[in-house]
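Residue numbers (the working numbering), protein chains in the order written: chain U, 335 to 734; chain C, 335 to 734. Yeah, the Cβ is synthetic: ideal placement off N, Cα and C, and Gly gets one too. Just so it is clear, the structure is predicted and the values come from calculations on it, not from any experiment. Please read the structure below before turning to the comments.
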């Protein structure tokens with residue numbers, strides 16, 4: 335039996351409550367001698383860490399730098415090598431589209447072609463986001479359905495937009511409708527398997543319609559379509575773990591990822607303060623809460639070490655409020671590391687802290703190097719879920 | 335997707351350079367209270383360790399004692415359970431034969447049979463290596479080809495020799511042409527699958543020819559053939575990891591293993607000094623260097639603890655020369671442990687040290703017990719490659 339089925343068979347519904355606090359990109363390497371966690375003044379994390387068990391996690395495996403999709407799936411208890419989240423899907427989630435299992439999501443660019451159908455600019459001169467929004471509304475008015483397939487068109491930034499084809503029998507195994515390089519002929523999608531023939535037909539009709547509708551909209555007179563992604567068939571958290579889970583996040587993509595695994599999305603404000611307020615207000619209605627703090631990652635990506643430190647210090651202030659709710663299990667960790675030194679995601683492990691009445695207290699501080707000495711050792715992120723469920727007494731015994 | 339394909343898809347070519355220094359059999363258990371690494375006076379390793387991240391590796395899994403083949407494959411980034419290197423192949427590599435993908439390598443013994451074809455001595459009275467060499471030259475003169483298959487015959491030690499059959503359509507699924515016990519009839523190879531029929535025919539013709547040619551050479555009047563091994567189809571390091579790798583080793587088998595995965599073999603002398611000189615001389619021409627130090631293992635196998643310590647101290651002296659080359663990543667580890675106490679390979683983990691600009695410094699010494707507290711924890715040797723590639727910034731992000 336695979337691990338997923340083992341957990342499914344062992345999980346039970348209880349009254350206990352779990353809080354998973356994810357500081358995106360928290361993990362770090364020293365920047366002028368200290369990591370962000372080492373530099374930050376965090377009396378509440380320190381106090382919590384003394385009563386918690388610590389460790390380090392790898393989202394994928396040693397040395398692999400994860401994207402947000404696989405690293406979050408791992409935190410939610412899924413094998414990130416088993417479930418793939420295509421680029422088109424992530425983009426659709428990122429602009430707050432609610433997707434269904436009938437959806438084929440695609441990334442698209444507005445582009446320029448000449449009268450011989452040679453693509454002369456893959457980004458249509460990087461048209462403004464406002465122009466993009468107008469073009470998408472214009473296209474959506476004219477294209478609502480192709481055959482029995484509903485078409486949803488939503489703008490992204492600059493020349494980028496997302497198309498969701500919603501209907502039966504759409505598969506993702508297709509070639510890109512994009513020559514990848516300028517100076518080459520416009521390409522149409524080609525089915526790479528029998529199952530994808532319908533998708534190819536619909537996508538190519540879509541492109542022909544766009545060409546017709548936009549013929550006077552130079553430089554945005556065609557569309558390149560790629561990054562096809564079916565809605566993945568992931569068993570939901572309620573199904574696998576018997577949880578009634580809720581997500582609190584300020585960025586659409588993380589809410590999208592949470593929705594993908596069956597979490598309910600809670601309305602919240604833009605600030606960290608509002609996220610913790612949302613937690614308190616909804617605490618009686620769910621038994622699992624995923625709270626996502628985005629800015630540790632954003633400032634890491636910017637190389638802004640001091641601001642990353644400041645965000646950690648801000649989150650630290652709300653820990654007493656979380657503890658006042660008396661969660662049975664509280665985990666604080668990251669999805670991946672985003673060292674300011676590297677200005678991007680990295681392969682370094684995530685600091686991990688688990689607080690519950692049933693832990694061997696490590697009596698350490700919450701930093702990468704102290705977590706390295708924690709009694710949980712180094713383990714895969716996807717085991718976060720089993721550890722949380724176990725500590726919430728939500729897992730039966732395996733075997734007699 | 336399997337891990338190998340993930341790494342293949344993520345790896346990119348860069349200018350950064352990696353040095354993998356393997357002290358064969360370095361890992362140890364205490365001998366009169368200390369391991370060889372604990373006993374050795376190693377100021378340079380100690381200094382390096384303070385700036386490095388540490389851990390312990392298992393070549394196969396806990397409790398498994400690896401041979402040199404699988405333990406090196408793991409260090410080179412390959413799953414040692416996926417790729418098998420047959421005994422015949424290792425023997426052929428060990429006597430410096432350059433092999434091709436058309437080769438079927440076999441181990442053979444000179445043996446004695448009586449006039450009723452009963453094997454009376456499986457080792458022909460352990461004839462001398464000199465006699466063996468003469469017999470091999472004699473046989474090679476008379477047997478150059480069987481049908482369309484080239485035959486290469488090379489002596490080993492005492493009664494042992496190696497045969498390489500080079501031609502199309504040779505497979506390894508055959509029974510041994512060896513009764514295994516004395517007092518039994520001479521055996522011929524039997525094909526255990528349709529694909530191996532040609533190999534059986536060729537090998538059995540070879541044995542009949544040997545019997546004819548050696549009929550007056552009692553006690554070496556026949557040959558037993560076994561350990562058939564096809565050249566394995568392993569994707570090369572350049573293909574998988576986009577590296578231009580070079581090997582520096584004094585023993586043929588390690589060069590053979592390196593050649594198997596696509597490394598270029600650099601000429602070097604017999605001494606440790608010459609190996610490091612070769613590294614310096616070739617440093618600008620490659621982006622990955624595997625340096626193999628054999629004698630830590632040899633003295634471990636001899637149970638000679640003091641000499642094992644002395645080799646470690648000798649290698650330590652060259653660390654400043656390596657650092658002076660400014661490699662982006664330097665790893666020091668072993669393929670397996672060879673405790674002097676056990677006089678052989680063992681299942682104990684390998685001490686592991688990785689130095690790069692992007693590590694969380696563990697600030698420890700380079701010993702087994704300090705590595706056990708390192709922030710890399712305990713991990714499979716095959717992840718050595720992903721860690722090295724990551725720290726050399728040679729891996730893209732996994733997933734969006």
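Judged by DSSP in its simplified three-state form, residue 395 of chain U adopts coil rather than helix or strand. Pairing residue 630 of chain C with residue 369 of chain C, the inter-Cα distance amounts to about 12 Å.
Here residue 357 of chain C carries a strand assignment [DSSP, helix/strand/coil]. Residue environment analysis places residue 527 of chain C among the exposed positions, since fewer than 16 neighbouring C-beta atoms fall within 10 angstroms of its C-beta. Along the length of the stretch 572 to 611 of chain U, whole beta strand (DSSP E) runs at least 3 residues long occupy 579 to 582, reported in chain order.
For residue 718 of chain U, no Cβ of chain C is located within less than 8 Å of the residue's own Cβ. By the beta-carbon neighbour count (other beta carbons within 10 angstroms, threshold 16), residue 664 of chain C is buried.
Beta-bridge pairing by DSSP links residue 622 of chain C to C:352 and C:579.
The C-alpha of residue 693 of chain U is placed about 10 Å away from the C-alpha of residue 709 of chain U. Its Cα nearest to that of residue 355 of chain U, the residue U:656 stands out among U:483, U:656, U:723 and U:729. Counting only runs that start and end inside the stretch 653 to 712 of chain U, the alpha helix (DSSP H) elements of at least 4 residues fall at 702 to 705. Membership of residue 421 of chain U in the alpha helix (DSSP H) is indicated by the continuous run 421 to 428.
The stretch 493 to 579 of chain U is shown to contain whole beta strand (DSSP E) runs of 3 or more residues at 494 to 500 and 556 to 564, in chain order. At a beta-carbon threshold of 8 Å, the residues of chain C lying near residue 395 of chain U are 337, 717 and 720, ordered along the chain. Ranked by Cα distance from residue 410 of chain C, the first of C:465, C:667, C:643 and C:716 is C:716.
According to the DSSP secondary-structure assignment, residue 447 of chain U is paired through a beta bridge with U:453. Bounds of the beta strand (DSSP E) holding residue 488 of chain C are 483 to 489. Taken atom to atom, the span from the alpha-carbon of residue 583 of chain U to that of residue 595 of chain U is near 15 Å. Distance from the CA atom of residue 465 of chain U to the CA atom of residue 733 of chain C, rounded to whole angstroms, is 30 Å.
For the pair residue 342 of chain U and residue 576 of chain U, the Cα-to-Cα distance works out to about 8 Å.
For a Cβ distance threshold of 7 Å, nothing in chain U lies close to residue 383 of chain C: the least Cβ distance comes to about 15 Å. Leaving aside the five residues that flank residue 406 of chain C on each side, the residues in its chain whose CB is nearer than 6 Å to its CB run, in chain order, 591 and 669. 8 Å or more divides the Cβ of residue 622 of chain C from the Cβ of residue 613 of chain C. Here residue 395 of chain U is buried: its Cβ has 16 or more other Cβ atoms, across all protein chains shown, within 10 Å. Where residue 436 of chain U is concerned, there is no enclosing alpha helix (DSSP H), because DSSP gives it neither an H nor an E. Where residue 631 of chain C is concerned, the enclosing alpha helix (DSSP H) starts and stops at 629 to 636. For residue 624 of chain C, none of the residues of chain U pass the 8 Å Cβ criterion, the least Cβ distance being about 17 Å. Close CB contacts of residue 597 of chain U within its chain, under the 7 Å cut and outside five residues either way in sequence, are with 571, 579, 580, 581 and 624 (chain order). Secondary structure note for residue 400 of chain U: it is in no alpha helix (DSSP H), with a DSSP letter that is neither H nor E. Interface annotation for the stretch 449 to 466 of chain U against chain C: empty, criterion Cβ-Cβ distance under 8 Å. DSSP places residue 719 of chain C inside the alpha helix (DSSP H), whose first and last residues are 717 to 725.
Measuring C-alpha to C-alpha distances from residue 358 of chain U to each of U:646, U:463 and U:555 identifies U:646 as the nearest. The CB of residue 711 of chain U comes closer than 9 Å to the CB of 711 and 712 in chain C, given here in chain order.
No Cβ of chain U is located within less than 8 Å of the beta carbon of residue 726 of chain C. Here DSSP, grouped into helix, strand and coil, assigns residue 728 of chain C to coil.
Here the alpha carbons of residue 729 of chain C and residue 353 of chain C stand approximately 17 Å from one another.
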